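A short worksheet on the structure shown next.
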Amino acid sequence: MYVTFSPIDVAALLSAARPSDGGVCLFLGVVRNENEGRETVSIQYEVYGPMAEAEMARIARQIETEWPDARLAMQHRAGRLEVGEVSVAVVATAPHRAEAFAACRAAIDRIKHSVPIWKKEFHPDGSSEWVDPTRGSGDRVIEPSGD
Amino acid sequence: MYVTFSPIDVAALLSAARPSDGGVCLFLGVVRNENEGRETVSIQYEVYGPMAEAEMARIARQIETEWPDARLAMQHRAGRLEVGEVSVAVVATAPHRAEAFAACRAAIDRIKHSVPIWKKEFHPDGSSEWVDPTRGSGDRVIEPSGD
Amino acid sequence: MRVNLLYFASFRDAAGKAEESRELPDGTRVGQLWHSVSREIPRLAAFQTMPPAAVNQKYVDGETVLRDGDEVAFLPPVAGG
Amino acid sequence: MRVNLLYFASFRDAAGKAEESRELPDGTRVGQLWHSVSREIPRLAAFQTMPPAAVNQKYVDGETVLRDGDEVAFLPPVAGG
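Chains as they are written, first to last, in the numbering used here: chain A, 52 to 198; chain B, 52 to 198; chain C, 9 to 89; chain D, 9 to 89.
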C-alpha cells in the first residue's frame with residue numbers, strides 16, 4: 052500500500068536497495084510549523100484512497116521506465132499529522148547517484164502534481180483551511196474555527 | 052566528526068531537521084557488489100583524517116552559504132566495508148524541496164571531488180586495487196593478491 | 009444510467025456531502041456532468057474551467073462518455089507531499 | 009628547514025612509506041618539492057603534472073612557499089563516496 056494512516060517506516064523503505072545499487076536518494080516531506088507566514092500546528096491529509104494507490108503505482112512504473120536502472124519505494128501518510136511528522140517518503144535506488152537523485156526528484160514532483168491528496172492546515176487559533184497550491188498567498192478560503 | 056570508523060547512524064543524521072523544514076533529502080553511498088564489470092567483495096577506505104575533517108567542514112559552510120535556507124549533516128566511513136554497507140551519508144534539510152535536493156546533490160558531488168579519501172577494492176580472487184576515478188576502465192594498477 | 013459522484017476536501021465542504029448517486033441520460037459526457045454540478049453548487053461555479061476529473065480512479069477529459077455504474081470525481085487542486 | 013611529508017593510498021604503496029621528514033632549503037616551493045619526490049619514486053614520475061597538493065591540510069598550488077614544520081602531502085586521485 053502506498054498510502055498509510057500509520058507513521059511511515061523510513062528504515063524499511065531504505066532497506067529496498069539491491070546489492071548492485073551504489074546510490075540511495077531519500078526525500079522526506081515533513082509537516083512544517085508555518086506556511087506562507089501563518090503558523091501551523093497540524094495538517095489533516097485527505098486521500099481518495101483507491102485512486103491515490105493507482106496513481107502512485109502509475110508514477111512508480113513510469114519512473115522505472117524512464118530510469119530503467121532505478122527502483123522506487125514510496126509512501127504517503129493520511130490523517131492528522133503534527134509538526135515534524137513525515138507526510139511523504141520517496142526512496143530511489145540505482146547503481147549510480149545521478150539516476151537515484153533524478154528518479155527521486157521526479158517521483159516527488161509527480162506525486163505532488165497528480166496524486167489525489169488534499170491537506171487542511173490547522174492554526175493555533177483553531178482556524179483551518181484547505182491548501183490550494185495553484186493559488187497565491189492570501190487567496191485561500193478561510194474556514195471558521197471548529198470546522 | 053565527519054569521518055567515522057563505526058557504522059553511520061542514518062537515523063541520527065535525519066533527526067537534524069528543524070521545525071521550519073518541510074523537505075529532507077538524504078543521499079547514501081552504498082558499497083556495490085561490482086565496479087566496471089568486476090565483482091567486489093569489500094572496500095577499504097583510507098582517509099587523510101585531519102584534512103578530510105577540514106575539507107568536509109569547508110564544503111558544509113560553502114553549501115550553507117550558497118543555499119542559506121539549507122542545513123547539512125554528513126558523515127563518511129573509514130576502514131573496511133562489506134557490500135551493502137553505507138560509505139557516505141549526506142542529509143540536507145530546507146523549508147522546501149528544491150533547496151534540499153540541490154544542497155544534498157552539491158554536497159555529495161563536492162565530497163567526491165575534493166575530500167582526501169581513497170578506496171581499495173577487493174575482489175573474490177583476493178586481488179585488490181586503488182580506485183582511480185580519473186582513469187577509464189581497465190587502466191588501473193592491479194596489485195597482487197594478499198596486498 | 010446511474011453514476012456515483014464523489015466529493016473531496018473543499019468540494020466536499022462546498023457540496024455538503026461526500027458522495028451521491030445520479031441518474032443521467034445515456035451518452036452523458038464528463039464535461040456535461042460538471043456543467044450540471046457546478047450550476048447546482050454555487051461555490052463550484054467559480055471555476056472558470058472544469059477541474060481535473062476522474063472516472064473509475066483514472067484521470068479523464070471532459071469528452072469522456074460516462075457509463076452506467078461509473079465512479080466519478082471532480083478533484084480540487086491536489087496538495088500532497 | 010624541515011617539513012613532514014605524508015603519503016596516502018597508491019602513493020604510499022609507491023613510496024613504500026606513509027611519511028618522512030625532509031630537510032629543504034629555505035624558500036622551497038611545493039612544485040619544487042614535487043619535482044624532487046617524483047624523481048626519487050619511479051611510479052610517481054608517470055604523473056605529467058603535479059597532483060593535488062596540501063600544506064597543513066589545505067589545498068595549495070605549486071607556487072606556495074614551504075615553511076619550517078609544514079605538513080605536506082601530494083594526493084592521489086581522491087575516490088570518496
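Ideal Cβ positions, reconstructed from N, Cα and C, are used throughout, including at glycine.
Everything numeric in this text was worked out from a predicted model, so none of it was measured.
Beta-bridge analysis with DSSP links Arg-122 (chain B) to B:Thr-144. Using beta-carbon distances, Gly-39 (chain C) does not count as an interface residue toward chain A, since no partner is under 8 Å. DSSP places Val-82 (chain B) in no beta strand (DSSP E); its state is neither H nor E. Taking the Cβ atoms as the reference, Ala-124 (chain A) lies roughly 15 Å from Glu-150 (chain A), outside the contact range of under 8 Å.
Annotation for Leu-132 (chain A): the continuous beta strand (DSSP E) segment containing it runs 130-133. Counting the other CB atoms within 10 Å of its CB gives Ala-81 (chain D) a total of 16 or more, which places it among the buried residues. Against Leu-83 (chain C), the close residues of chain A are Pro-167, in the order they occur along the chain (beta-carbon pairs closer than 7 Å).
With its beta carbon at least 8 Å from every one in chain B, Ile-114 (chain A) lies outside the interface. In this structure, Pro-119 (chain B) sits away from Gly-73 (chain B), with a CB-CB distance that is not shorter than 8 Å. Against chain A, the beta carbon of Ile-159 (chain B) has neighbours under 7 Å at Arg-148, listed in chain order. Secondary structure note for Val-38 (chain D): its alpha helix (DSSP H) is the uninterrupted segment 38-48. About 7 Å separates the beta carbon of His-174 (chain A) from that of Thr-91 (chain A), a gap short enough to meet the 8 Å contact definition. Secondary structure at Glu-28 (chain C): strand, using DSSP grouped into helix, strand and coil.
With a 10 Å radius around the Cβ and a threshold of 16 neighbouring Cβ atoms, Asp-60 (chain B) comes out exposed.
In this model, Glu-48 (chain C) and Val-68 (chain C) are separated by some 22 Å (Cα to Cα). Within the segment 60-91 of chain A, Gly-80 place their CB atoms closer than 7 Å to a CB of chain C, listed in sequence order. Within chain A, no C-beta atom comes less than 7 Å from the C-beta of Gly-70 (chain C); the nearest is roughly 17 Å away.
In the three-state scheme derived from DSSP, where H, G and I count as helix and E and B as strand, Ser-178 (chain A) is classed as coil. Residue contact with chain A for Val-80 (chain C): absent (no Cβ-Cβ distance below 8 Å to any residue of chain A). Under a criterion of Cβ atoms nearer than 9 Å, the residues of chain A adjacent to Phe-152 (chain B) are, in order, Cys-76, Phe-78, Phe-152, Cys-155, Arg-156, Ile-159. Residue contact with chain A for Val-182 (chain B): absent (no Cβ-Cβ distance below 8 Å to any residue of chain A). Interface residue (Cβ-Cβ distance to chain B less than 8 Å): Gly-24 (chain D) is not classified as such.
In the DSSP assignment, Ala-103 (chain B) falls within the unbroken alpha helix (DSSP H) covering 100-117.
Residues of the same chain with a CB within less than 7 Å of the CB of Arg-89 (chain B), apart from the 5 flanking positions on each side, are His-174 in chain order. In the three-state reduction of the DSSP assignment, Ser-138 (chain B) falls in the strand class, which pools E and B.
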